[in-house]
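K.L.:
Supplied in C-alpha cells, the structure appears directly below.
In UniProt numbering, the protein residues as written are 1 to 483.
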C-alpha cells in the first residue's frame, strides 16, 4: 500500500479494497521502521491518526465519499495543530502546543485526511538544506549522504521514501519546489493568497505560501483542492473562486506557448541539468507546445533583493519570541534584559540569528532607503519582467535548481553559496506567482527537477502541463533504493 498515490488510495478506499485504519497502521509501522534513517518527522501522532482513520471509515460506511476521505498525510511543523507540538524546527518552540488548528489543517481535517505527524524542517523555514533544524538534519532518501533540500525537506523526504503519499509544505523562496527537485517529487507553490496563511507560523509574511508535495501532479491537484480557498482570518487571502484542479488535468497542450528565459542558462547551471531541461522541452514540443526564447533581464538582481526583504520581515516576525509569552525561556535570568538576550540567544540557531541581524540592519535608521526600499523597487522590476513575458507566452519553463543535491555539511560554512541555490525559485515568490517543480531525470543518481511558472491563479495550467508530461515520461515513478 505504501507505493500507492493519493489518487490510487482514493480509488482503493472507494472500492473497499482496504480501510483507512489498515492503511494508517501500515504507514505508521513503516515510519517507525524507516524514518530513523532519514529523520523526516519531528512528531508522530499515532493516536490522532488512528482516531481520524476510524472516523473516516465510519463516514464512508455511512455513504459519504470524498477523494481525501481517509487519506494519510503529514503537516510541515509550522502549521499549528491543536494540542500538538508545533516547533518550527526550533528549540524556541520545542515546548509549544498550539491552542488551535491552522486553516490548512482544519480544511484538510474536514475533508477527512488522516494526520500521521509533523515533519522536520529548517528552523523557522530558514534554509535550503534542512540542516538548520534543532532536531537534526534530514537526509535525502536517494542518497543518505546528501541533503533533501529545504526548508520543507522533512515533508519531501517522507514522501520520497514512501512513508506517506503526500504532505503539506511551505515556500518562501523555493522551499517546496527545491526539495521536490532534490527528491524526485512534484511540488507546487500556489499564487500568493491562494492558500490561507492563518496558523502558519510566519518567516517572511509577503513571501510565505503553503502548498502540496506529492509524487504526481494529479496528487498535487487533489491536495491543493483541499487546501485552497478564501479565509477571512487571513488579511492576505484573496477571495477568488477555486477551480476543480483535477478536471483540467487531461487538457491538450496543443498550441501552448512555453517561454524559456535565456538568463536561466548561464555559467552557474550544471550543464547536465541544462541537457535534461532541453530534453523536457522537446518532450513538451511532441505534445504540441510551442517553444519561444524570452528574457527576464532583472533576474540577476533577485537574490540580493530577496535576501534583504526576507530577513527584514523575519526580524519583525520573530521579535515576538522573547521568553515572555510562550516558547523557550532561559533559566534564572538576572533581569528583564538578560532574559530577552539569553532566551533569544539560546533559543534561536545560528542561521536564524544571522537573518534576524541582517534584517534588523536593513531596516535600521540610515539604511532603510539604501537597502530595504531599493530591494522593494527591484521586486517590482522582477514582477514587471514576468508581466511582460506572459504577454508573449502562457507558461515559463526552466531548471528548478542550478545543481543536484549537495552532500550534508558541504555548504554549512558558506551560507552565501547555499543562498545562490535559490536563484531560479525566488523570483516567483518576489512576484507572487504560482510555480511547480516536476521530476525531469537524474544526475549522478540524484534527482533533477524542471520548473514551470504561470500567471496569477493559473495553478490549473501548471498541473495540466505537469500531468501531461508525466503521462509520457516515467521519472516520477522511480523509487529510491531501500525504500
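In this text, a Cβ means the ideal position worked out from N, Cα and C, and glycines have one as well.
Output needed for residue 448: all residues of its chain with C-beta closer than 7 Å, excluding positions within five of it in sequence on either side, in chain order.
P.N.:
Same-chain partners within the cutoff: 181, 273, 276, 404, 440, 441 and 442.
K.L.:
Let me confirm a value: residue 492 is counted as buried when at least 16 other C-beta atoms fall within 10 Å, else exposed. Which label applies?
P.N.:
The structure shown does not extend to residue 492, since the chain spans only 1 to 483, so no value can be given for it.
K.L.:
What does residue 258 pair with, by DSSP beta-bridge criteria?
P.N.:
As a beta-bridge residue in DSSP terms, residue 258 pairs with 291 and 395.
K.L.:
How close, in whole Å, do the beta carbons of residue 450 and residue 400 come, if the pair is a contact with beta carbons under 8 Å?
P.N.:
7 Å
K.L.:
To which residues of the same chain is residue 456 closer than 8 Å at the C-beta, ignoring the five residues directly before and after it?
P.N.:
191, 432, 433 and 434
K.L.:
Near residue 4, which residues of its chain fall below 7 Å by C-beta distance, leaving aside the five closest residues on each side in sequence?
P.N.:
12 and 165
K.L.:
Do you know offhand how far residue 132's Cα is from residue 25's?
P.N.:
31 Å
K.L.:
Are the Cβ atoms of residue 147 and residue 39 separated by less than 9 Å?
P.N.:
Annotated as distal: residue 147 and residue 39, with beta-carbon spacing of 9 Å or more.
K.L.:
Is the region 422 to 430 close to the region 172 to 181, with three or more CB pairs under 8 Å?
P.N.:
yes
K.L.:
For the region 387 to 400 against the region 289 to 304, do three or more pairs of beta-carbon atoms, one drawn from each stretch, fall closer than 8 Å, so that the two count as touching?
P.N.:
yes
K.L.:
List the endpoints of the continuous alpha helix (DSSP H) containing residue 277.
P.N.:
Following the DSSP letters along the chain, one finds residue 277 inside the alpha helix (DSSP H) bounded by residues 271 to 286.
K.L.:
Could you tell me if residue 421 is buried or exposed, where buried requires 16 or more neighbouring beta carbons within 10 angstroms of its beta carbon?
P.N.:
buried
K.L.:
Would you mind giving the Cβ-Cβ distance between residue 20 and residue 56, rounded to the nearest angstrom? I have them listed as a contact below 8 Å.
P.N.:
Sure, about 4 Å apart at Cβ, within 8 Å.
K.L.:
Per DSSP, residue 243 is paired with what?
P.N.:
Its beta-bridge partners do not exist; DSSP assigns none.
K.L.:
Please indicate yes or no: does the CB of residue 393 lie closer than 8 Å to some heavy atom of the ligand MG?
P.N.:
Questions concerning the ligand MG fall outside what the structure shown contains, since it holds no ligand whatsoever.
K.L.:
Where do the ends of the beta strand (DSSP E) carrying residue 443 lie?
P.N.:
Per DSSP, the continuous beta strand (DSSP E) segment holding residue 443 begins and ends at 435 to 443.
K.L.:
Does residue 40 come out as helix, strand or coil in the three-state DSSP assignment?
P.N.:
coil
K.L.:
Counting only the same chain and skipping the five closest in sequence on each side, list residues whose C-beta sits under 8 Å from that of residue 351.
P.N.:
122, 123, 126, 127, 132 and 415
K.L.:
Within its chain, find whatever has a CB closer than 7 Å to the CB of residue 1; leave out the 5 residues flanking it on each side and keep chain order.
P.N.:
The answer, listed in chain order, is 18, 23 and 26.
K.L.:
According to the Cβ coordinates, are residue 183 and residue 156 closer than 9 Å?
P.N.:
Cβ atoms of residue 183 and residue 156: closer than 9 Å.
K.L.:
I'd like to check one pair, residue 261 with residue 293: are the Cβ atoms closer than 9 Å?
P.N.:
yes
K.L.:
Does the distance from the CB of residue 79 to the CB of residue 104 come in under 9 Å?
P.N.:
Contact: yes.
K.L.:
Looking at C-alpha atoms only, which residue of 243, 185, 251 and 117 is the closest neighbour of residue 446?
P.N.:
185
K.L.:
Do residue 94 and residue 142 come within 9 Å of each other at the CB atom, strictly closer than that value?
P.N.:
No, the Cβ-Cβ distance between residue 142 and residue 94 is not below 9 Å.
K.L.:
Could I get the ranges of all uninterrupted beta strand (DSSP E) runs contained in the region 77 to 157, with 3 residues as the minimum, in chain order?
P.N.:
114 to 119
K.L.:
From residue 384 to residue 163, what distance separates their C-alpha atoms?
P.N.:
41 Å
K.L.:
Is the distance from the Cβ of residue 31 to the Cβ of residue 71 below 9 Å?
P.N.:
Going by C-beta atoms, residue 31 is not nearer than 9 Å to residue 71.
K.L.:
From residue 348 to residue 331, what distance separates their C-alpha atoms?
P.N.:
15 Å
K.L.:
Is residue 200 helix, strand or coil by DSSP?
P.N.:
strand
K.L.:
Could you pull the start and end residues of the beta strand (DSSP E) that residue 190 belongs to?
P.N.:
Residue 190 -> no beta strand (DSSP E), and no H or E assigned at all.
K.L.:
Identify whether residue 476 lies in helix, strand or coil by the three-state DSSP scheme.
P.N.:
helix
K.L.:
Considering Cα atoms alone, identify which of 99, 81, 149 and 66 is closest to residue 112.
P.N.:
It is 66 whose Cα lies nearest to the Cα of residue 112.
K.L.:
Just how far apart, CA to CA, sit residue 193 and residue 224?
P.N.:
13 Å
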